[in-house]
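J.:
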Amino acid sequence: MAKITVVVNPIAGGGHGARIGAQVVEQLRKVGSLESVVSAASAIETLEETQRVVSEGTDGVIAVGGDGLVHLVIQALAQTGVGLAVVPAGTGNDFARALGMPLASPEQIIERVLTTAPQPIDLGLANQRFFGAILSTGFDSIVNERANSMRWPRGPMRYNVAIARELPLFKPRHYRFTIDGETFETAAMLVAVANGPSYGGGMKICPQAQVHDGWLDVLILKPLSKIEFLRVFPRVYAGTHVNHPAVVIRRARSVEIEADAIAYADGEREGPLPIRVTIAENALMAWSALRDPLST
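Sequential numbering of the sequence shown, starting at 22, is according to the numbering used here.
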């Protein structure tokens with residue numbers, strides 16, 4: 022019988038992670054499939070413990086938390102062949118969306134892990150660090166900086182409040198791109214390099230991006246007036262913003278970005294540009310509903 026390691030972020034979703042993590046651990050223990058539990062006090066310890074478990078041998082990992090935890094765990098699992106399942110328990114859960122299971126219950130995830138094999142999916146690779154969903158820079162990264170410093174409100178609304186505070190101050194940046202060998206420069210408000218379709222808790226910034234197609238989707242938002250930006254922004258939740266003439270999307274295997282700006286990946290701070298992003302095709306084994314739909 023498969024032996025599964027559970028990695029939990031107990032503070033994900035305001036404590037939601039601890040409650041769901043306990044359910045997952047109990048269910049795996051009942052069926053005799055619990056290998057070990059990782060619930061460390063810091064991100065560094067979580068990564069180190071997960072790497073240790075993988076090196077010692079485990080049949081799979083269930084991550085219980087949000088996109089920040091997934092971002093950590095994929096650093097340990099990428100290119101090892103050890104499968105990853107995600108029980109969404111954070112505020113964003115965009116990697117779970119990319120896997121086609123944003124509303125999957127712990128019971129559904131465990132059943133899938135114990136009865137099916139994981140499938141290969143792609144990851145993004147940014148300056149030798151993997152990401153699962155979106156790397157972005159520009160306005161949304163500035164908003165992330167603001168949101169991460171705020172204690173209120175909780176959940177996705179915090180991102181919207183940060184937008185309202187930063188937009189009046191924001192000015193487009195000048196970017197230099199090299200996409201699959203082609204170099205060009207342009208002013209932009211926002212740049213997203215997507216392996217999956219959404220970030221920020223369901224904002225479909227690159228709605229056609231898929232984690233198993235071998236490509237990155239690169240979105241460039243050209244400068245807009247702030248009034249026009251506010252008119253277009255709500256359309257990101259349906260993905261219809263891509264029809265606006267200021268939005269450019271290209272598919273790429275690699276992209277280099279230079280600017281006086283900060284990058285975020287999976288909601289985690291990557292640091293200042295320049296940055297080089299490539300597609301890491303089939304880099305991760307994961308349980309998903311992409312090829313075998315799971316009712317959610």
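Just so you know, even glycine gets a beta-carbon here, dropped at the ideal spot from N, CA and C.
If you run the structure through DSSP and keep just helix, strand and coil, what is F191?
T.: coil
J.: Please determine if the region 112–119 and the region 142–157 are in contact, where contact requires at least 3 C-beta pairs separated by less than 8 Å.
T.: yes
J.: By the three-class DSSP mapping on this structure, what secondary structure does P314 have?
T.: Because the pLDDT at P314 is just 45, under 50, the model does not fix this residue reliably, and the value given afterwards should be weighed accordingly. The answer is coil: DSSP assigns P314 none of H, G, I, E or B.
J.: Please confirm whether E277 and T158 have their CB atoms less than 9 Å apart.
T.: Their beta carbons are not under 9 Å apart, which means E277 does not touch T158 by this criterion.
J.: Could you compute how far the alpha carbon of I163 sits from the alpha carbon of E187?
T.: Near 7 Å, if we compare the C-alpha coordinates of E187 and I163.
J.: If you count every other CB in all the chains shown that lies within 10 Å of the CB of H195, and 16 or more means buried, which is it?
T.: Burial is judged here by how many other beta carbons sit within 10 angstroms of a residue's own beta carbon; H195 has fewer than 16 and is exposed.
J.: Going by the DSSP bridge assignment, what does L242 pair with across the sheet?
T.: Looking at the DSSP output, L242 shares a beta bridge with L211, V268.
J.: Count the other CB atoms, across all protein chains shown, that sit within 10 Å of the CB of W173; report buried if there are 16 or more and exposed otherwise.
T.: exposed
J.: Report the rounded CA-to-CA distance for G260 versus G35, giving the unit in angstroms.
T.: 28 Å
J.: For F160, count neighbouring C-beta atoms within 10 Å of its own C-beta (all shown protein chains included) and say buried if the count is 16 or more, exposed if not.
T.: buried
J.: Among residues of its own chain, excluding the 5 on either side of T79, which ones have a beta-carbon nearer than 8 Å to its beta-carbon?
T.: K24, I25, T26, E56, S57, V103
J.: Would you report the Cα separation of D201 and T207, rounded to the nearest angstrom?
T.: Here the C-alpha atom of D201 lies approximately 17 Å from the C-alpha atom of T207.
J.: Closest to T136 by C-alpha separation, out of M171, P31, M22, would be which residue?
T.: M22
J.: If we ignore side chains and look at the alpha-carbon of each, how far apart do Y180 and Q140 end up?
T.: 33 Å
J.: Is the beta carbon of T71 sitting closer than 9 Å to the one on L98?
T.: At the C-beta level, T71 and L98 come within 9 Å of one another.
J.: Could you compute how far the alpha carbon of G217 sits from the alpha carbon of Q231?
T.: 5 Å
J.: Is the beta carbon of I283 closer than 9 Å to that of L240?
T.: Taking 9 Å as the Cβ cut-off, L240 and I283 do not qualify as a contacting pair.
J.: Buried or exposed: where does I300 fall if 16 or more other Cβ atoms within 10 Å of its Cβ makes it buried?
T.: buried
J.: Classify N30 as buried or exposed, calling it buried when 16 or more other Cβ atoms lie within 10 Å of its own Cβ.
T.: buried
J.: Is DSSP giving D201 helix, strand or coil here?
T.: coil
J.: Cα separation between P244 and H265?
T.: 12 Å
J.: By Cβ distance below 6 Å, which residues in the same chain neighbour A304 in space, the five residues on each side in sequence not counted?
T.: A99, Q100, L144
J.: What separation, rounded to the nearest whole angstrom, lies between the Cα atoms of A292 and A43?
T.: Sequence inspection shows Gly at residue 292; the Ala mentioned does not correspond to that position. For G292 and A43, the distance between alpha carbons rounds to 34 Å.
J.: Using DSSP with H/G/I as helix, E/B as strand and the rest coil, what is M224?
T.: strand
J.: So is K396 buried or exposed if we call it buried at 16+ other beta carbons inside 10 Å?
T.: Only positions 22 to 317 of the chain appear in the structure, and residue 396 is not among them; the question remains open.
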